[in-house]
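Peer 1: Quick one: the structure is below, and I'll ask about it shortly.
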Amino acid sequence: MAGASWPPLRAGGAERCSLAVNDLWYLAGGRALLSGINLTLGRSGITVLMGPNGAGKSLLLRVVHGLAAPTSGAVTWGGRSLNEETRRNIALVFQKPALLRRTVAANVDFVLAARGVKDRTDRRNELLETVDLANRADQPARLLSGGEQQRLALARALATDPCVLLLDEPTASLDPASSLRIEQIIALVAARGVRVILVTHDVGQARRLADDVVFMSHGQVVEMGFADSFFSAPQSERARAFLDGRFVL
Amino acid sequence: MKLVAYAIAVSAILATGPGPAAAQDRSILVQSTTSTANSGLYDYLLPIFHDKTGITVNVVAVGTGQAIKNAQNCDGDVLLVHATPAEEKFVADGFGVKRSDLMYNDFIIVGPAADPAGVKGMKDAEAALTKIAGSKSIFASRGDDSGTHKKEQALWKSAGIDPTGASGSWYRETGSGMGATLNTGIGMGAYVLTDRATWISFANKGDFEIVVEGAKNLFNQYGVILVNPEKCPSVKTEEGQAFIDWLLSDDGQTAIAGYRVDGQQLFFPDAS
Amino acid sequence: MQDLGGAIQLALSLIVSADRNLAEIVSLSLLVSLTATALSCIIGVTLGAVLATTRFAGRGAVIAVVNALMGLPPVVIGLIVYLALSRSGPLGFLGLLYTPTAMIIAQTILVTPIVAALSRQILEDLHVEYDEYFRSLCLPHRNVVAALIWDGRFSVLTAGLAGFGRAVAEVGAVIIVGGNIDHLTRVMTTAIALETSKGDLALALALGTILMAIALFVNGLVYYIRCTALRSAYA
């Protein structure tokens with residue numbers, strides 16, 4: 001476990017972008033899928049949630065977003081509990097994006113309209129530039145390649161002007177080149193001060209992106225700390241085994 | 250723009266019903282038996298009446314039983330059917346103002362050319378029915394409480410036969426209108442009791458021909474009644490009565506007598 | 522079926538001669554059935570969308586009832602509407618019986634369950650796909666419904682087509698509430714029934730052929746619209 005200096009405070013993010021999770025439990029079918037999670041994350045930077053399948057990473061992501069309600073425990077953002085208002089600052093990108101059956105541009109416009117943006121054209125074009133899809137604006141979203149679809153999902157997420165971006169294995173089904181482009185966008189977004197929490201299995205990706213790491217297994221947080229120290233000297237046997245590519249029980 | 254045009258067309262057509270919106274347009278609704286409509290009589294008579302009075306006559310053609318029922322529900326201004334006892338009851342019950350004889354024709358029994366019951370040329374309807382029943386030859390009945398059906402039931406009764414026991418075997422109740430029953434009967438080679446007007450104008454005769462006709466008790470009387478405005482305030486008394494008056498006038502009676510199909514007169518006026 | 526060839530020939534000659542009565546009957550058929558279908562789509566799609574996107578006690582029962590209503594015989598609907606609109610019925614004062622409006626009402630009742638049941642299924646499948654994303658956006662319910670209907674509009678259109686097919690082909694309801702009055706409430710199907718009862722099977726069949734051609738035309742039109750639209754935005 002890391003010391004009192006963790007997590008670090010970085011410039012750029014607002015107080016409302018800092019997460020605190022307190023004694024969180026999620027029970028389903030008599031099993032604890034999340035058991036006693038305690039977590040505090042600062043207002044900026046990229047935190048990577050790692051761990052083997054079934055560790056509860058994606059579920060935790062949904063719970064901190066408010067998509068799934070925990071059995072007990074508290075989730076607060078900047079000291080305020082989850083409600084419609086806090087949730088509107090948090091964008092979530094899924095592993096398989098549910099793109100609307102519309103054009104690329106219309107997918108972004110839809111979000112802008114939902115957020116009450118009146119003059120959408122400039123903002124949409126800017127967002128599509130950011131994810132490098134400006135030349136695809138008039139194409140049906142569902143005819144894009146996997147990597148392009150995920151970039152469009154990122155553009156839609158950014159269209160909500162979030163202070164927190166939650167990413168659930170966004171590159172899990174993409175080829176390395178496509179993954180890399182997604183990673184570049186994530187890094188760019190984080191550099192602009194958006195707080196990023198990323199779930200991934202990909203150790204290489206975690207190494208490239210993470211400022212800090214939360215390692216989970218069996219519904220528990222096993223270890224968390226700065227990326228450098230986590231990757232160079234993991235404290236727990238499970239994290240060591242995972243990083244070495246060994247089977248973790 | 251297309252949508253607007255469509256909406257205008259919709260409202261224009263919806264406004265032409267015999268409802269309140271059409272109060273200016275003088276029209277009446279006649280609940281009628283099918284034979285007068287199917288034989289084309291109305292297509293011949295109504296334009297003449299309209300030319301004289303400017304009143305449009307809308308006709309709902311259903312079986313006599315249903316026509317009476319509809320009129321009892323006030324869904325019509327004039328009733329024109331052919332089941333005298335039921336019509337008299339309608340007036341006696343207060344649903345109609347007055348019943349008048351309008352015209353007559355006659356019922357006939359039609360059957361396949363092969364004539365399995367051997368009734369061809371008979372003049373006595375009861376005797377013919379007795380022979381049909383005796384030989385268990387197929388007989389198709391309306392079975393729909395219409396004027397023709399009521400007539401048929403009366404004939405069976407006076408022949409002393411209850412054919413309903415054989416329902417489904419040689420006695421087949423179609424539960425449909427005259428035309429549908431003729432189609433069915435011709436399809437299965439059954440004897441059918443029909444009014445002459447429907448038969449003459451019927452286009453799907455196959456090899457069927459008239460086997461029994463000319464009997465006195467095959468007389469088919471049509472009556473006309475104004476629906477009672479005291480029971481049904483919606484009744485257009487003035488226009489309805491105008492129609493009835495015209496039908497019963499020399500003018501109307503001559504017009505009825507003048508309607509012919511294939512050179513044959515279908516209805517014989519007999520207003521007193 | 523020696524009548525079939527003759528019927529098609531007769532149908533063609535009726536069309537070529539631009540028979541005025543025929544034109545009147547065809548336009549009324551289209552007017553009544555298209556209006557009924559449009560009304561059914563407004564009611565049915567809304568109902569379907571609500572059923573697809575909300576969970577409440579008795580929802581399963583409501584869906585079962587809507588599905589069962591798809592099988593309601595037109596005659597029964599005709600009778601119910603007749604009893605309601607009859608002068609002696611509760612809505613008799615409106616004077617709507619034996620008008621095109623009554624026919625539209627009856628066909629709307631006939632078609633709404635079909636549109637509702639089919640669009641419920643279509644929108645629910647779409648809802649399953651979009652639900653988590655929409656919830657992550659904190660989208661208000663009416664926006665969710667609007668988005669589902671918009672994105673599912675071509676499939677919903679097919680539901681509307683199914684409804685139109687049933688409306689334009691049914692005779693049981695319109696003949697009772699319309700009365701098959703010449704120049705007023707006579708439509709294709711009641712005209713076919715009338716000609717059949719007059720024994721003029723060839724004319725009846727000719728009218729049937731024209732009805733089929735109209736249905737085919739409407740279906741083809743929708744199919745064309747759908748294909749064109751698919752190329753632009755749907756995938």
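Residue numbers (the working numbering), protein chains in the order written: chain A, 1 to 249; chain B, 250 to 521; chain C, 522 to 756.
Where a beta carbon is used, it is the ideal one built from N, C-alpha and C, also for glycine.
Remember, it's a predicted structure, so these values are computed and weren't measured experimentally.
1) Using 7 angstroms as the limit for Cβ to Cβ distance, is Glu85 (chain A) near chain C?
2) Under a Cβ-count criterion, where at least 16 other Cβ atoms within 10 Å of its own Cβ denotes burial, should Ser554 (chain C) be classed as buried or exposed?
3) Could you pull the DSSP bridge partners for Gln514 (chain B) from this structure?
4) Between Ala272 (chain B) and Phe675 (chain C), what straight-line distance do the alpha-carbon atoms span, to the nearest angstrom?
5) Which first and last residues belong to the beta strand (DSSP E) in which Tyr420 (chain B) is found?
6) On the DSSP bridge list, what partners appear for Trp77 (chain A)?
7) Which runs of the beta strand (DSSP E) at least 3 residues long sit entirely within the region 384-464 of chain B? Give them in chain order.
8) According to DSSP, is Arg641 (chain C) helix, strand or coil?
9) Quick one: is Met437 (chain B) buried, meaning 16 or more other Cβ sit within 10 Å of its Cβ, or exposed?
10) Look up Gln220 (chain A) in the DSSP assignment and give the residues it is bridged to.
11) For Val279 (chain B), count neighbouring Cβ atoms within 10 angstroms of its own Cβ and tell me buried if that reaches 16, exposed if not.
12) Please list, in chain order, all residues of the same chain as Asp350 (chain B) whose beta carbon is under 7 angstroms from its beta carbon, the five residues on each side excluded.
13) CB-CB under 7 angstroms to Glu458 (chain B), same chain, minus the five flanking residues each way: which ones, in chain order?
14) Can you list, in chain order, the residues of the region 111-124 of chain A whose Cβ is nearer than 8 angstroms to any Cβ on chain C?
15) On the DSSP bridge assignment, give the partners of Gly472 (chain B) in chain order.
16) Report yes or no: is there a C-beta of chain B within less than 7 angstroms of the C-beta of Ile702 (chain C)?
17) Taking Leu174 (chain A) as the reference, give the member of A:Val48, A:Lys96 and A:Val111 with the closest Cα.
18) Could you pull the start and end residues of the alpha helix (DSSP H) that Arg88 (chain A) belongs to?
19) Going along the chain, which residues of its own chain have a beta-carbon closer than 6 angstroms to the beta-carbon of Ala320 (chain B), five neighbours each way excluded?
20) The alpha helix (DSSP H) with Ser550 (chain C) in it runs from where to where?
21) Where Arg641 (chain C) and Leu166 (chain A) are concerned, what is the direct C-alpha to C-alpha distance, given to the nearest angstrom?
22) Is it buried or exposed, Asp511 (chain B), if we count other Cβ atoms within 10 angstroms and call 16 or more buried?
23) Based on DSSP bridge pairs, tell me the residues matched to Thr40 (chain A).
24) When the Cα of Thr558 (chain C) is compared with those of C:Ala714, C:Ala690 and C:Glu650, which residue comes out closest?
25) Residue range of the beta strand (DSSP E) that Ile197 (chain A) falls in?
26) Going by C-alpha to C-alpha distance, which of A:Arg156, A:Gln149 and A:Asp132 sits closest to Ala114 (chain A)?
27) Just to confirm, are Thr629 (chain C) and Ser561 (chain C) a CB contact at a threshold of 7 angstroms?
28) So what does DSSP say about Val63 (chain A), is it helix, strand or coil?
29) Under a three-way DSSP split, which group does Phe614 (chain C) fall into?
30) Quickly, what does DSSP pair Arg687 (chain C) with across the bridge? List them, please.
31) If you reduce the DSSP assignment to three classes, tell me which class Pro220 (chain B) lands in.
32) Please state whether DSSP places Pro140 (chain A) in a helix, a strand or coil.
33) If the criterion is Cβ atoms closer than 7 angstroms, does the pair Met624 (chain C) and Val698 (chain C) meet it?
34) Using beta carbons (cut-off 7 angstroms, strictly below), is Val720 (chain C) in contact with chain B?
35) Quick check on Gly245 (chain A): does DSSP put it in helix, strand or coil?
36) With a cut-off of 8 angstroms, do at least 3 Cβ pairs link the region 300-307 of chain B to the region 478-494 of chain B?
Peer 2: Quick answer:
1) As a working note, residue 85 (chain A) is residue 85 in the first sequence. Chain C, which has no Cβ nearer than 7 angstroms to the Cβ of Glu85 (chain A), makes this no.
2) Your numbering for residue 554 (chain C) matches position 33 in the third sequence. Answer is buried; the Cβ neighbour count reaches 16.
3) Along the second sequence, read from residue 1 onward, the residue named residue 514 (chain B) stands at position 265. For Gln514 (chain B), which the question treats as bridged, DSSP gives the partners B:Arg509.
4) Sequence index remark: in the second sequence, residue 272 (chain B) carries index 23 (1-based). Sequence index remark: in the third sequence, residue 675 (chain C) carries index 154 (1-based). Low per-residue confidence applies at Ala272 (chain B): pLDDT is 42, beneath 50, and the placement is therefore not dependable, though the value from the model is reported in the following sentence. One C-alpha to the other measures close to 43 angstroms.
5) The residue you call residue 420 (chain B) lines up with position 171 of the second sequence. Note, Tyr420 (chain B): beta strand (DSSP E), Tyr420 to Glu422.
6) Stepping through the first sequence from its first residue, residue 77 (chain A) is reached at position 77. Its beta-bridge partners are A:Leu19 and A:Arg80.
7) 388-390, 420-422, 440-444 and 457-461, all fully within the region 384-464 of chain B.
8) For this step, residue 641 (chain C) is matched to residue 120 along the third sequence. Arg641 (chain C) falls in the helix class under three-state DSSP.
9) Counting from 1 along the second sequence, the entry for residue 437 (chain B) is found at position 188. Its Cβ having fewer than 16 others within 10 Å, Met437 (chain B) is exposed.
10) Translated into positions along the first sequence, residue 220 (chain A) becomes position 220. Gln220 (chain A) has A:Ser217 as its beta-bridge partners, per DSSP.
11) Stepping through the second sequence from its first residue, residue 279 (chain B) is reached at position 30. With 16 or more Cβ atoms within 10 Å of its Cβ, Val279 (chain B) is classed as buried.
12) Taking the first residue of the second sequence as 1, we reach residue 350 (chain B) at position 101. Here the set comprises Gln470, Gly472, Asp519, Ala520 and Ser521.
13) Indexing the second sequence from 1 puts residue 458 (chain B) at position 209. Same-chain partners within the cutoff: Val359 and Ala362.
14) Val111 and Ala114
15) In the second sequence, the residue the question calls residue 472 (chain B) occupies position 223. DSSP output for Gly472 (chain B) lists B:Val330 and B:Asp350 as bridge partner(s).
16) Here residue 702 (chain C) corresponds to residue number 181 of the third sequence, with the count starting at 1. Yes - at least one Cβ of chain B is within 7 angstroms of the one on Ile702 (chain C).
17) As a position in the first sequence, residue 174 (chain A) is number 174, starting the count at 1. When only C-alpha atoms are compared, the closest one is A:Lys96.
18) Position 88 of the first sequence, counting from 1, holds the residue named residue 88 (chain A). That residue, Arg88 (chain A), is in no alpha helix (DSSP H); it is neither H nor E in DSSP.
19) In the second sequence, counting from the first residue as 1, residue 320 (chain B) sits at position 71. Correct list, in chain order: Gln280, Leu328 and Val476.
20) Numbered from its first residue, the third sequence carries residue 550 (chain C) at position 29. Counting along the chain, the alpha helix (DSSP H) containing Ser550 (chain C) begins and ends at Arg541 to Thr574.
21) In the third sequence, the residue the question calls residue 641 (chain C) occupies position 120. In the first sequence, the residue the question calls residue 166 (chain A) occupies position 166. Roughly 32 angstroms between the two C-alpha positions.
22) Looking up residue 511 (chain B) in the second sequence gives position 262. Exposed.
23) Working through the first sequence from its first residue, we reach residue 40 (chain A) at position 40. Assignment of beta-bridge partners to Thr40 (chain A) by DSSP yields A:Ala20.
24) Counting from one through the third sequence, the residue named residue 558 (chain C) turns up at place 37. The shortest C-alpha separation from Thr558 (chain C) is found at C:Ala690.
25) Against the first sequence, residue 197 (chain A) aligns to sequence position 197. Run containing Ile197 (chain A): Arg195 to Val199, per the beta strand (DSSP E) assignment.
26) What you label residue 114 (chain A) is simply residue 114 of the first sequence in a count that begins at 1. Closest option to Ala114 (chain A), Cα to Cα, is A:Arg156.
27) As a first step, residue 629 (chain C) must be located in the third sequence, where it is residue number 108. As a first step, residue 561 (chain C) must be located in the third sequence, where it is residue number 40. Cβ distance < 7 angstroms, so Thr629 (chain C) and Ser561 (chain C) count as in contact.
28) As a first step, residue 63 (chain A) must be located in the first sequence, where it is residue number 63. In the structure shown, Val63 (chain A) sits in a helix (DSSP, three-state: H, G or I).
29) Taking the third sequence and counting its residues from 1, one reaches residue 614 (chain C) at position 93. Correct three-state label for Phe614 (chain C): helix.
30) Here residue 687 (chain C) refers to the residue found at position 166 of the third sequence. Paired residue(s): none; Arg687 (chain C) is not in a bridge.
31) With chain B represented from 250 up to 521, any question about residue 220 (chain B) goes unanswered, as that position is not in the structure.
32) One-based indexing of the first sequence puts residue 140 (chain A) at position 140. Strand, per DSSP.
33) One-based indexing of the third sequence puts residue 624 (chain C) at position 103. One-based indexing of the third sequence puts residue 698 (chain C) at position 177. Cβ distance < 7 angstroms, so Met624 (chain C) and Val698 (chain C) count as in contact.
34) Here residue 720 (chain C) is taken as the residue at index 199 of the third sequence, counted from 1. Checking the displayed sequence, the identity of residue 720 (chain C) turns out to be Gly instead of Val. Yes, its Cβ sits closer than 7 angstroms to a Cβ of chain B.
35) Here residue 245 (chain A) refers to the residue found at position 245 when the first sequence is read from its first residue. In the structure shown, Gly245 (chain A) sits in coil (DSSP, three-state: anything other than H, G, I, E or B).
36) yes
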